[in-house]
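Protein sequences appear in the order of chains A and B. 11 is the number that my numbering gives to position 11 of the first sequence; each next residue is one higher, with no gaps. 1095 is the number that my numbering gives to position 95 of the second sequence; each next residue is one higher, with no gaps. Don't be surprised by glycine CBs; every beta carbon is placed ideally from N, CA and C. Fair warning: this is a prediction, and the values are worked out from it, not measured in the lab. Worksheet for the structure shown next.
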Amino acid sequence: MHSPELLLRMYRKMVLLRKFEERAGQAYGLKKIQGFCHLYIGQEAVAVGTHEALRPDDYMLTGYRDHAHPLARGADPGMLMAELFGKATGYSKGKGGSMHLFDIEHHFYGGYGIVGGQIPLAAGMAFASRYRNEDRVTVCFFGDAAANQGAFHETLNMAAKWKLPVIYVCENNRYGMGTDIRRVSAEPEIAKRAIGYNMRGESVDGMDVLKVFELVKECAIDCRKGRGPVLIEAHTYRFRGHSMSDAATYRSKEEVEEERKSDPIPKLRDEIVLRKIADDAKLDAIDAEVKKECEEAVAFAEASFEPGLEELQHDTWVAPGEADQRPRERVRGVKVEWPSYPSGDQLKVSWELEPKAGHLSVVKEGAKR
Amino acid sequence: MPTLNLLQAVNDALRLEMRRDNRVVVMGEDVGKFGGVFRATAGLYEEFGPERVIDTPLAEGGIIGTAIGMALYGLKPVPEIQFSDFIYPAFDQIVSELAKMRYRSAGQYTAPVVIRTPFGGGIKGGLYHSQSPEALFIHQAGLRVVAPSNPYDAKGLLLAALRQNDPVIFFEPKRVYRAAKGEVPEGDYEVPLGEASVMREGDQLTVIAYGAMVHEASQAVEEAASQGIGCELIDLRTLWPLDIDTLVASVQKTGRAVIVHEAPRTCGLGGEIAALLQERCFVNLEAPIRRVTGWDTPFPYTLDEEYLPLAPRILQGIEDTARYVA
């Protein structure tokens, strides 16, 4: 049985992701956010269920629909909104914008604008943690369309061969922009592709935060034990368009209405009420708190300045003697913890990569559904 | 001081840095047990083991993408792309992820990957084992691009590249991998990135070259000297960021310049150097800046010597430029 604290924390996070995105959508309509903006509304159970199943020092990367993942990890909503607004107080001083959020303090290593570009990077990060004999896990999200990229296949082969502690979570929301994934995939059940790489493949209801939580938790234990990578296909659905400019000609209103019935937030709310963990009044109070937090985030972003012209040239290369920039120190003036790595002479390499005689593949489950 | 060829110098640098720094990991196709297709990584697998000298699948995009992840996470990966002609499957990872990491995170992190790759023609490799794609990487902000011509510079530049925090594409001139020999100090030293080398002083004409073509330019400059044309020969060593000050100082003195590279002429590095020089030395110029380069064609098999800007073509360029009267 899940603890009341966990359920309430998940509820609060999912509401935060939802309300943040609703505010971002409004701000886009008012032209406060420009360019491209991809909302996560509908998919909250995947990011929140996964994050809650991990340790805070595990690593996370995702694609371009990336506002939710750093929020779930605990990033500052005001600074995230400021990045969307293109302000100097954003996580990347407004140089990245919506699709390229980073928050290393919370071990969120980026949203990536090239579809599937982050998939091999995650394997490299997992390699480094094996190399250093740490038990950290790297989680890499991507969409259904990314599973048709070459990078996906190249990386699964390497990650499985080297038994890397990486969990690949495919957020299958059924559409690559405006194309139904079944129209362009010879095998639309993405979890099945794990079989070809001799790795564990799992499929899960991505609209159910507790199911996602349970599966990722179990997979992370496997990963930490050195049993190799896992491919999870989370079946989910985005209630809004691919981006803010989406005519939605590729799916019917009826389909969207039908899918809205499996909205993950009311589902968890019902569970909480049923188990008498909190009543409607308490949950409404959480909603109101989160709403205020998101309003403050928008106000902070609006009140912030745009980056100065000097930022155009800065950060192309590492300036001589320059240390890594810590965004919350720069913007909020608070001291933050920053990941540090052993120097070359402190580092001990204790991992054995080469298969030994008689070595058997640990994971043989293959894909399940 | 031992005499090494360029391959041995690269091997020496990798070995030295791997002994000094456990974060350094060599990876690529055939780099481990096989020792590398050119033997650049020979003996490293035996000394450092399969965890630090990693035989990867044949998947360039995967190799570079994985290396970027390793570097984000505090390692110092040195992926080898077996021939620079094979780098294109990894081009997306290099351009979209590697080059932009620092900028788009606004300094939160960097990915100090050093990609080693042999480049250039002259080994009868034909279309896909001969090309010089350096300009494509110079065109991407955020990458340092290096191309040594001799063993001393190769070792010193590689060590310097491994000890700084930007991504580097390290082009090795395979035509002279074994032919270029020279004295190389046994221990530790660095050749700083971003500094060209004036190999020979002269006051009538400046010849600018890099990689394998430095040796051809050197022959041409010797020949020109016997005709009474005193050339200054500059080896760029680091292609980007360019040591423009050294080039400007030379051309202000000589008033004439010939730029040599194997890569195709159009949109090559030579065009950029010519533009930079005319911006800075317009009043000093006594002749149009001349480019002696590869042709705007795919790289041919039989006619590879004709494709390359070898010494006779460079000498012709020097003579024409030296004789030019406005």
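At least 3 beta-carbon pairs within less than 8 Å: the stretch 88-97 of chain A vs the stretch 123-133 of chain A: For the pair of segments examined, the stretch 88-97 of chain A was found not to touch the stretch 123-133 of chain A: the number of CB pairs separated by less than 8 Å stays below three.
Residue-level contact to chain B via CB, A128 of chain A, 8 Å cutoff: Any Cβ of chain B closer than 8 Å to the Cβ of A128 of chain A would place that residue at the interface, and such an atom is present.
Cβ pair count under 8 Å reaching 3, the stretch 148-156 of chain A against the stretch 1054-1063 of chain B: The stretch 148-156 of chain A, when compared against the stretch 1054-1063 of chain B, does touch it at the 8 Å Cβ threshold.
Residue from B:R1039, B:D1235, B:L1136 and B:Y1324 whose Cα sits closest to the Cα of R1265 of chain B: Between R1265 of chain B and the set B:R1039, B:D1235, B:L1136 and B:Y1324, the nearest pair of CA atoms involves B:L1136.
Beta-carbon gap between Y298 of chain A and A27 of chain A smaller than 8 Å: What sits at residue 298 of chain A in the sequence shown is Val, not Tyr. Yes, the Cβ-Cβ distance between V298 of chain A and A27 of chain A is below 8 Å.
Proximity test, Cβ basis, 8 Å: A1013 of chain B and chain A: Not closer than 8 Å to any Cβ of chain A, the Cβ of A1013 of chain B fails to qualify, so no.
CB contact check: G358 of chain A to chain B, cutoff 8 Å: The predicted position of G358 of chain A is uncertain, since its pLDDT is 45 and thus under 50; no value can be drawn from it.
Stretch-stretch touch, CB-based, cutoff 8 Å, three pairs: the stretch 1242-1255 of chain B with the stretch 1187-1206 of chain B: They touch, by the three-pair rule.
Alpha-carbon to alpha-carbon, R1237 of chain B and P1298 of chain B: The C-alpha of P1298 of chain B lies about 25 Å from the C-alpha of R1237 of chain B.
Given P1312 of chain B as reference, the closest of B:T1293, B:Y1301 and B:V1325 once Cα atoms are compared: Ranking B:T1293, B:Y1301 and B:V1325 by Cα distance to P1312 of chain B puts B:T1293 first.
Amino acids of chain B, ordered along the chain, whose beta-carbon sits closer than 7 Å to that of Y427 of chain A: This structure cannot speak to residue 427 of chain A, because chain A is shown only from 1 to 369.
C-beta atoms of G90 of chain A and M79 of chain A nearer than 8 Å: Closer than 8 Å, so yes.
A1208 of chain B and I1234 of chain B closer than 8 Å at C-beta: The residue asked about is misnamed: residue 1208 of chain B is Ile in this sequence, not Ala. Judged by beta-carbon spacing, I1234 of chain B lies within the 8 Å limit of I1208 of chain B, meaning their Cβ atoms are closer than that value.
Assigned exposure category for Y197 of chain A - 16 Cβ within 10 Å defines buried: By the 10 Å Cβ count, Y197 of chain A comes out buried.
For S203 of chain A, the residue or residues it bridges with in DSSP: Paired residue(s): A:E233.
Cα-Cα separation, K253 of chain A to T179 of chain A: Straight-line Cα distance between these residues: approximately 16 Å.
Under 9 Å (Cβ pairs) to chain B, residues found in the stretch 49-63 of chain A: Cβ contacts with chain B come from Y59 and L61.
Span separating the alpha-carbon of I1054 of chain B from that of R1178 of chain B: Cα to Cα, I1054 of chain B sits roughly 24 Å from R1178 of chain B.
Sequence-distant residues of the same chain with beta carbon closer than 8 Å to V204 of chain A, five excluded per side: Within its own chain, the residues whose Cβ lies closer than 8 Å to the Cβ of V204 of chain A, once the five positions on either side in sequence are excluded, are K211, V212, L215, I232, E233, A234 and H235, listed in chain order.
Beta carbon proximity, P1079 of chain B to chain A, threshold 8 Å: For P1079 of chain B, the answer is no, since every Cβ of chain A falls outside 8 Å of its Cβ.
Y999 of chain B, buried or exposed, once every other Cβ within 10 Å from all chains shown has been counted against 16: This structure does not reach residue 999 of chain B, given that chain B is present from 1001 up to 1326, and the question cannot be answered.
Bridge partners - L71 of chain A, DSSP secondary structure assignment: Looking at the DSSP output, L71 of chain A sits in no beta bridge, so it has no partner there.
Within-8 Å CB hit, K93 of chain A to chain B: Cβ-Cβ to chain B under 8 Å: yes for K93 of chain A.
Near-chain B residues of the stretch 153-168 of chain A (beta-carbon distance less than 8 Å), N- to C-terminal order: Cβ contacts with chain B come from E154, T155, N157, M158 and K161.
Beta-carbon spacing of V1258 of chain B, R1290 of chain B below 8 Å: A contact, by the Cβ cut-off of 8 Å.
Rounded separation between A1326 of chain B and V1031 of chain B - CA only: Rounded to whole angstroms, the separation of the alpha carbons of V1031 of chain B and A1326 of chain B is 54 Å.
Beta-carbon contacts of R1015 of chain B that lie in its chain and below 6 Å, excluding the five residues immediately before and after: Cβ within range, chain order: n/a, list empty.
Proximity test, Cβ basis, 8 Å: M125 of chain A and chain B: Answer yes: the Cβ-Cβ gap between M125 of chain A and chain B drops below 8 Å somewhere.
Contacting residues, own chain, Cβ-Cβ under 7 Å from T1110 of chain B (five flanking each side not counted): Around T1110 of chain B: M1101, R1102, N1165 and D1166.
8 Å Cβ cutoff met for A1042 of chain B and G1049 of chain B: No, they are not a contact pair.
Contacts that D1245 of chain B makes with chain A (C-beta to C-beta distance below 7 Å): The premise fails here: D1245 of chain B is roughly 17 Å from chain A at the closest Cβ pair, so nothing lies under 7 Å.
Nearest to K1124 of chain B (by Cα), restricted to the options B:R1052, B:T1302 and B:D1092: Minimum Cα-Cα distance from K1124 of chain B among the listed residues B:R1052, B:T1302 and B:D1092 corresponds to B:T1302.
Extent of the continuous alpha helix (DSSP H) to which C383 of chain A belongs: Chain A is shown from 1 up to 369; residue 383 of chain A falls before or after that span and cannot be answered.
Cross-chain neighbours of Y1210 of chain B in chain A, by beta carbon under 9 Å: Result: empty, since nearest Cβ-Cβ is about 20 Å, beyond 9 Å.
Top-ranked residue by Cα proximity to I1138 of chain B, from B:M1213, B:A1106 and B:F1091: Of B:M1213, B:A1106 and B:F1091, the residue nearest in Cα terms is B:F1091.
Contact under 8 Å by Cβ, V1146 of chain B with A1161 of chain B: When the beta-carbon positions are compared, V1146 of chain B and A1161 of chain B come within less than 8 Å of each other.
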